[in-house]
Amino acid sequence: MDNNLRICFIGSGTISTAMGNVIAQKDNYEVFLLSVEQEVVDSISNEHINRKYFPNIELEPSLKATFDKNILKESDIIFLGIPSSVIIPYVKENKEFFGEEALIVNLAKGFGEGQKTIPQSLSKLIPNQIFSMKGPSFAREIISNMPTAFTLASKRDKHFKLFENIFKGTTIQLDYTIDVNGVELASILKNIYAIIVGIVDAHFDSPNLRSLILTKAINEMRYIISKFGGEEKTMFNYCGFGDFTLTALNDLSRNRTLGLLIGKGFFTDYISEKVVLEGKVAVNIFVEEIAKKRGIKTKNLMLKELYKVFNDEKYDINNFVSNITVM
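Every letter in the sequence shown is one number past the one before it in this note's numbering, and letter 232, counting from 1, is 212.
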């Protein structure tokens, strides 16, 4: 399985469109976006433009969009490019469309069901080999052909060479690991710690302090990953240090932006409910559920202080920086 592959992205949003367009630049792959949005299918089919998500970018003519779920039955590789909250319900509802030999690649960053990672949840539903693909990757830069890196993870290294060939000669670079749990956890934790960095930066424009917090954050993430049976060294793959620093230091990151808002005193119930905040959901899960089950000591971790921010109405945000720097 190498040449003449059929590749399908479930979802037609920014990440699916951007990555699908990169692969479609190569001649020997058929690339489809499986969409539920009439506007997107029509504009890609008729104009080679995703009018909803990238209205000013002309896509590769070979990139196709469809409503027909039967495309999944004929696909060799299926990328899951929809939000983490809907992946498991979607697969449950449509698993009869997944060919047993298809390789499944999770692009979403978040938990599956019951505080399990998405690959853990998927493995209970389908027999396919499951991959995680995470890295420092804004879709706008991918579709603009800026060099971008991902970590590809699966419990077995079979087919790593296949993905190397797929992305060879493109702007996407890969590193590889069999530490799926570590990759998944790093992609969730980075949202938590990006909020923390945002709060700190809202109070102080201090390179010294920022470097202190970044280092503490990386060490805390290594600790938590190891408690989940992951490998600490995974933090130094693209999915770890790379994705964390992109999310924590770039103002295009909505989790960093949330931290800046909180730090400036603009955090309200309206903001917390209306913005998609993977970080807030994740910190509550870690502190309330997983930490108890896994024996992770959260008392002296910065994420516990962030938990207080989200859940203690009387919390004084002006004390946040001093509280986390004395830990």
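For each residue, glycine too, the CB sits at the ideal point set by N, CA and C.
As the structure is a computational prediction, the values presented were derived from the model and not from experiment.
query, result
"Cβ shell of Lys170 (< 6 Å), same chain only, five flanking positions each side left out", "Asp223, Phe224 and Thr227"
"Cβ pair Val16, Lys32 closer than 7 Å", "no"
"Close beta carbons around Asn317, own chain, < 8 Å, minus the five adjacent residues each side", "With the chain covering only -19 through 307, there is no way to say anything about residue 317."
"Endpoints, beta strand (DSSP E) assigned at Lys72", "Taken as a continuous stretch (DSSP letters only), Lys72 belongs to no beta strand (DSSP E), being part of the alpha helix (DSSP H) at Ser64 to Asn74."
"Ile152 and Val2 closer than 7 Å at C-beta", "yes"
"Ile57, DSSP secondary structure in three states", "strand"
"Any 3 or more C-beta pairs closer than 8 Å across the region 193 to 202 and the region 138 to 147", "no"
"Validate contact between the region 83 to 91 and the region 46 to 65 using beta carbons, cut 8 Å, 3 pairs", "yes"
"At least three beta-carbon pairs within less than 8 Å, the region 231 to 243 to the region 210 to 222", "no"
"Secondary structure of Thr(-3), DSSP reduced to three states", "helix"
"Touch test, the region 153 to 167 against the region 115 to 132, Cβ-Cβ under 8 Å, three pairs minimum", "yes"
"Proximal residues to Glu269 (C-beta, below 8 Å), its chain only, five neighbours per side dropped", "Gln95"
"Inter-residue spacing [alpha-carbon to alpha-carbon] between Val163 and Leu52", "26 Å"
"Residue range of the alpha helix (DSSP H) that includes Met308", "Only positions -19 to 307 of the chain appear in the structure, and residue 308 is not among them; the question remains open."
"Local Cβ density within 10 Å of Pro167, reported as buried at 16 or more and exposed below that", "Checking the displayed sequence, the identity of residue 167 turns out to be Ser instead of Pro. Looking at its Cβ environment, which holds 16 or more other Cβ atoms inside 10 Å, Ser167 is buried."
"Straight-line Cα distance separating Phe266 from Gly275", "11 Å"
"Buried versus exposed, by CB contacts within 10 Å (16 or more), Ser302", "exposed"
"Environment of Pro41 [buried if 16+ CB atoms lie within 10 Å]", "exposed"
"Run of the alpha helix (DSSP H) containing Lys288, from where it starts to where it stops", "Met282 to Asn291"
"Phe143 versus Ala45: straight-line alpha-carbon distance, rounded", "22 Å"
"Contained beta strand (DSSP E) runs [length at least 3] in the region 119 to 173, N- to C-terminal order", "128 to 133 and 152 to 157"
"Proximity winner among Gly(-7), Asp22, Gly(-9) and Asn(-16), relative to Ala4 (alpha-carbon distances)", "Asn(-16)"
"Nearest neighbour of Lys75, chosen from Leu105, Arg202 and Asn161 [CA to CA]", "Leu105"
"Classification of Arg202 by the beta-carbon crowding that lies within 10 angstroms, buried from 16 upward", "buried"
"Which listed residue (Ile204, Ile175 and Val261) has its alpha carbon closest to that of Leu232", "Ile175"
"As assigned by DSSP and simplified to three states, the class of Thr278", "coil"
"With 16 other Cβ atoms within 10 Å as the buried cut-off, status of Glu80", "exposed"
"Three-way DSSP call (helix, strand, coil) for Met215 in this model", "helix"
"Residues bridged to Leu83 [DSSP beta-bridge criterion]", "Ile57"
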